[in-house]
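Structure, as structure tokens:
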Amino acid sequence: MKILIIDNDESLRFMLTEFCKHAQWESDTAENGREGVEKFLSENYDVVLIDYHMPEMDGLQTVREIRKHNQHIPLLILTVDERQEIADRFLEEGATDFALKPVKAPDLISRIKLHAQIANMKNVQEEDEDVFTAKGISKGTLQSVAQFLKGYREPTSVDVISKKVGLAYPTVYRYIMHLLEEGKVKQVVSHQKIGRPKKLYKWYTH
């Protein structure tokens with residue numbers, strides 16, 4: 001497997017390269033989005049790690065540019081920013097998932113493995129009838145969330161789905177909202193003894 005690391009922080013580039021070595025993957029690095037896109041277009045990669053805050057071309061512009069050339073490769077965003085609106089903007093441009101800084105090796109390695117597997121499944125099952133596509137929605141990721149919900153009988157929270165499927169909370173939330181719009185998932189409000197009612201989700205069986 002070959003990973004492209006796009007980050008302007010030299011120490012982080014080194015650390016991520018070491019993570020890849022530990023997982024026995026090849027890796028290339030780029031100091032900014034512009035250089036990253038050039039490398040992406042000249043080589044074949046399986047996953048791209050992209051920092052949000054970078055000079056010249058930030059993470060959002062980088063995702064946009066890569067998606068012009070490749071709709072399927074997993075793009076994982078590295079950020080300290082946990083705001084939902086930032087996550088939504090990235091997902092709209094085509095980002096696949098998020099890893100919050102400081103990045104931990106086991107978490108990042110498992111995310112990379114998961115998304116590489118999803119991308120491979122997606123290439124094999126490109127024309128699956130029961131898969132929906134929309135801007136910022138990856139077929140493979142959508143399938144993972146849908147499969148989990150289909151096999152989970154009780155209504156469950158975004159937090160639980162996030163932990164079980166191995167995807168970041170903002171990613172799962174966006175895909176749940178998409179499935180809700182499609183009428184594939186229904187929302188159940190659970191009234192707690194203390195605190196606000198909790199929103200739970202389950203696969204909609206007619």
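Numbering (the UniProt record's numbering), first residue to last: 1 to 206.
Glycine included, each C-beta is placed from N, C-alpha and C at the ideal position.
- Beta-bridge analysis with DSSP links residue 201 to 156 and 187.
- Annotated three-state conformation of residue 56 is coil, per DSSP.
- When beta bridges are read from the DSSP output, residue 87 appears opposite no residue.
- Across the structure, residue 175 and residue 44 are spaced so that their CA atoms are roughly 28 Å apart.
- For residue 82, there is no enclosing beta strand (DSSP E), as DSSP marks it with neither H nor E.
- From the listed residues 4, 68 and 146, the smallest Cα separation to residue 46 is found for 4.
- Taken through DSSP and simplified to helix, strand or coil, residue 101 comes out as coil.
- Assignment of residue 31 by DSSP, reduced to helix, strand and coil, places it in the coil class.
- With respect to the 8 Å criterion, residue 7 and residue 108 are not classified as neighbours on the basis of their beta carbons.
- In this structure, residue 99 places its C-beta atom within 8 Å of the C-beta atom of residue 76.
- Here DSSP, grouped into helix, strand and coil, assigns residue 107 to helix.
- When secondary structure is reduced to three states using DSSP, residue 66 falls in the helix class.
- For residue 3, the enclosing beta strand (DSSP E) covers residues 2-6.
- By the Cβ neighbour-count rule, residue 114 is buried, with 16 or more other Cβ atoms within 10 Å of its own.
- Taking the CA atoms as reference points, residue 96 sits about 8 Å from residue 141.
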